Amino acid sequence: MRENMELVKLENPYFELISVIDEKVRPYKIADKLTGQIYADLDYRYHIRLRTNGQDLKCEELIYEKHSLKSDREGGRKLILEGALDFGRKGVQLKVRHKFWAPAEEPYFEERIVLRNCGELPCYIEDIEFGFRKSLCPVHGHLENGLDKFRLVAVPYRKQVDGREHDYSMTDILKGRFQNSDWM
Numbered sequence: 063m064r065e066n067m068e069l070v071k072l073e074n075p076y077f078e079l080i081s082v083i084d085e086k087v088r089p090y091k092i093a094d095k096l097t098g099q100i101y102a103d104l105d106y107r108y109h110i111r112l113r114t115n116g117q118d119l120k121c122e123e124l125i126y127e128k129h130s131l132k133s134d135r136e137g138g139r140k141l142i143l144e145g146a147l148d149f150g151r152k153g154v155q156l157k158v159r160h161k162f163w164a165p166a167e168e169p170y171f172e173e174r175i176v177l178r179n180c181g182e183l184p185c186y187i188e189d190i191e192f193g194f195r196k197s198l199c200p201v202h203g204h205l206e207n208g209l210d211k212f213r214l215v216a217v218p219y220r221k222q223v224d225g226r227e228h229d230y231s232m233t234d235i236l237k238g239r240f241q242n243s244d245w246m
């Protein structure tokens with residue numbers, strides 16, 4: 063277990079990604095450096111539900127093992143976070159290698175995740191949710207920081223098989239005005 067908390071920042075001229083590293087791995091903030099817009103401000107979601115040996119198990123956090131932050135030849139930066147998903151059962155051990163890469167002068171970053179079963183038992187993943195999260199709590203009856211102008215689209219599921227487009231404003235989401243073609 064690490065005794066000290068460390069903040070690790072991956073950035074280029076356009077954005078910054080901040081991760082907290084202590085006994086857990088917690089990427090939590092993505093901010094646009096030009097506009098100040100915050101795209102993520104909650105701990106990263108590492109959730110897996112699986113079956114092994116007839117048992118249902120789940121994990122909600124990534125336990126820290128190691129990390130590195132380096133520059134590439136073109137001036138881009140690469141952050142690698144490595145950890146284990148703890149399911150509380152002997153023989154079940156999934157490892158995660160989470161890599162972020164930011165080119166030196168481009169307005170984006172790439173994210174890649176490798177999940178490996180390093181345990182003795184076969185695992186059948188039933189549900190997986192990995193992703194950045196954003197607080198959407200309305201302040202004084204309205205969304206703050208320009209969030210009311212954002213739209214949510216489930217990529218690549220915007221256009222469902224029935225032809226309906228699923229593209230919602232933040233107000234639609236908060237008021238429950240959304241649906242999935244599978245629910246109708």
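Under our numbering, the residue at position 152 of the sequence shown is numbered 214, and the numbers go up by one with no gaps.
Yeah, the Cβ is synthetic: ideal placement off N, Cα and C, and Gly gets one too.
These numbers were taken from a predicted model, which means no experiment stands behind them.
State the Cα-Cα distance for the pair residue 227 and residue 235, rounded to the nearest angstrom.
Approximately 15 Å between the Cα atoms of the pair.
Measure the CB-CB distance between residue 157 and residue 178 and report whether it falls below 9 Å.
Yes.
Select from 185, 120, 165 and 102 the residue whose C-alpha is nearest the C-alpha of residue 132.
Comparing Cα-Cα distances from residue 132 to each of 185, 120, 165 and 102, the minimum goes to 165.
Terminal residues of the alpha helix (DSSP H) in which residue 141 lies:
That residue, residue 141, is in no alpha helix (DSSP H); its beta strand (DSSP E) goes 139-147.
Which same chain residues end up closer than 6 Å to residue 160 when comparing Cβ atoms and leaving out the 5 residues on each side of it in sequence?
Taken in chain order, the residues that qualify are 143 and 175.
Could you pull out every unbroken beta strand (DSSP E) segment of at least 3 residues lying fully inside the segment 170-234, listed in chain order?
Within the segment 170-234, the runs of beta strand (DSSP E) that reach at least 3 residues and sit entirely inside it are, in chain order, 172-179, 186-195, 213-215 and 229-231.
If you draw a straight line from the C-alpha of residue 154 to the C-alpha of residue 208, how long is it?
Each residue's alpha carbon lies about 43 Å from the other.
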